[in-house]
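Working notes, structure below.
Numbering (the UniProt record's numbering), first residue to last: 1 to 574.
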């Protein structure tokens, strides 16, 4: 029997060794060690040509351990440094696997899959329907794409964008969580601004003229093209402007001076990109704000615009350049917009009517551009318009799905006009500006900007669904067109809405948030894999933690039944 006991002890030491790590855990560690060794050899082979690859393995291990330790911390760190650290990701890019950026995209997709699969009821149906049709059409476009590898890479990149959009619904439980997300986006612009200033000091430019048009020196900061920096700065300015006007920051004279100075710095960096569509986007945001909220901003815009037009010759050249080169004649140099119109006209004229419904497949515009573009030469060209590209590649069905993306997002943001008008106004301006610039640029190729933009839109939509759920909108008094309701009718409508608010709650509202709040040690965060309620120090509200309920079987500390205000003992409105 001694040999039997020795065998059992040996089996326990193998199966439950390393302080209970488990046999499968040991196998996982062994496989991980083999993968790390193989990756080290692979990276060492290319480190001679790309010295930055020597930093890839430590970064990969740090990213993996951070993902395992805390997914919440992983997501925060990614959002804080991804934009500013883009030069490292670009240098570490490998054609076959995408490098460190591809790994990060995969981890973001995995993070979203883990969170959503744990509690899918946390997501409202509207969130699925925002991106669902376009993703479906893009997936179908992969089947008949002439450039399948490029199309798959683009599709996976946009899966990471959708992942961030959906994860925002788990991060934002209330307005406090929403403000924390905006704070993270604001701080992510600091390394971008520092890198941009350093590149300007070194004279390092990015993204030359559009096609045949010379645009002088254009600075792109940490991004490979100046347009990406420009659109990212527009988003950062919009977020920072809202935080300032909502009095989240700038409450003292010193902090106001810092905020205004930083906004002027971002505007200066935006000027160095020489991206006219981004200038128009900023002008749209401040003009609409001036018309609706503070008219003095219209005076500021006129004065600053006139001064800049007179003092900055490159600004005049970029604006006045659109008035020249509008005719397509031999040896004539086209301006940027005229060149785009020629490209779009050639593409749409070349399309066969049989392809109007489903298009030519994902990434087909770039692959076929030499066949239809009269000025292609030896190069292949992108569409320079997300609208034209979507119609060419995915047909009318894909274009309808693309337009639905913006329409459904705007419909969710519209809920906030009654409760958070300033936030709804700036958010809607950012959405409209994004659609306008996507109509004249290769927006699908700007992955990092789309990360931050659609994460902000996801946070905005999540807050709208939290503050104005479906039940509240349905119980709201509906005014007849042309008839002003009486005071009694208005009171009845408000009472009905209050009663509906007290009893209505969708399934996703009755779950624990994944906000960035401190929790008691006995409870793990939602990102850590549990669905426990918040502790006594957490915020109270529908779907939050209820202190003392479990021990009293649904009764309060005084022994009486615990129920919500405005609801009777049987759960009916009073």
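Just so you know, even glycine gets a beta-carbon here, dropped at the ideal spot from N, CA and C.
Bear in mind the structure is a predicted one, so any value in this text is a computation, not a measurement.
State buried or exposed for residue i, treating a residue as buried only when at least 16 other CB atoms are found within 10 Å of its CB.
i	result
residue 344	buried
residue 136	exposed
residue 398	buried
residue 273	buried
residue 120	exposed
residue 309	exposed
residue 428	buried
residue 360	buried
residue 188	buried
residue 134	buried
residue 296	exposed
residue 84	buried
residue 247	exposed
residue 364	buried
residue 300	exposed
residue 173	buried
residue 68	exposed
residue 353	exposed
residue 374	exposed
residue 307	exposed
residue 522	Residue placement at residue 522 is poorly supported in this model, since its pLDDT is 46, which falls under 50; the coordinates still yield a value, given next. Counting Cβ neighbours within 10 Å, residue 522 comes out exposed, since fewer than 16 surround it.
residue 286	buried
residue 312	exposed
residue 389	buried
residue 542	With a pLDDT of 42 at residue 542, under the threshold of 50, the predicted position of this residue should be treated as unreliable, though the coordinate-derived value follows. By the 10 Å Cβ count, residue 542 comes out exposed.
Among the options, which one has its Cα closest to the Cα of residue i?
i	options	result
residue 231	270, 361 and 348	270
residue 280	109, 433 and 123	433
residue 350	75, 104 and 391	391
residue 75	107, 352 and 469	107
residue 420	468, 294, 250 and 244	468
residue 148	459, 362, 462 and 90	362
residue 464	249, 495 and 415	415
residue 199	153, 256 and 223	223
If residue i and residue j are in contact, beta carbons under 8 angstroms, what's the gap, nearest whole angstrom?
i	j	result
residue 186	residue 240	6 angstroms
residue 205	residue 197	Contact doesn't hold; Cβ gap of about 14 angstroms is too wide.
residue 298	residue 290	4 angstroms
residue 413	residue 394	About 25 angstroms; that fails the 8 angstroms criterion.
residue 88	residue 191	At roughly 11 angstroms, the Cβ-Cβ gap does not stay under 8 angstroms, so residue 88 and residue 191 are not in contact.
residue 235	residue 453	5 angstroms
residue 417	residue 424	4 angstroms
residue 166	residue 112	6 angstroms
residue 164	residue 451	6 angstroms
residue 382	residue 366	6 angstroms
residue 128	residue 405	At roughly 12 angstroms, the Cβ-Cβ gap does not stay under 8 angstroms, so residue 128 and residue 405 are not in contact.
residue 157	residue 447	5 angstroms
Would you report the Cα separation of residue i and residue j, rounded to the nearest angstrom?
i	j	result
residue 275	residue 318	9 angstroms
residue 70	residue 182	21 angstroms
residue 533	residue 86	Here residue 533 scores only 43 on pLDDT, less than 50, and its place in the model should not be relied on; the value that follows carries that caveat. C-alpha separation (whole angstroms): 38 angstroms.
residue 194	residue 227	18 angstroms
residue 65	residue 179	28 angstroms
residue 368	residue 444	17 angstroms
residue 139	residue 439	22 angstroms
residue 203	residue 144	44 angstroms
residue 260	residue 337	33 angstroms
residue 118	residue 457	23 angstroms
residue 250	residue 124	35 angstroms
residue 101	residue 90	8 angstroms
residue 263	residue 72	29 angstroms
residue 629	residue 265	With the chain covering 1 to 574 only, the question about residue 629 has no answer from this structure.
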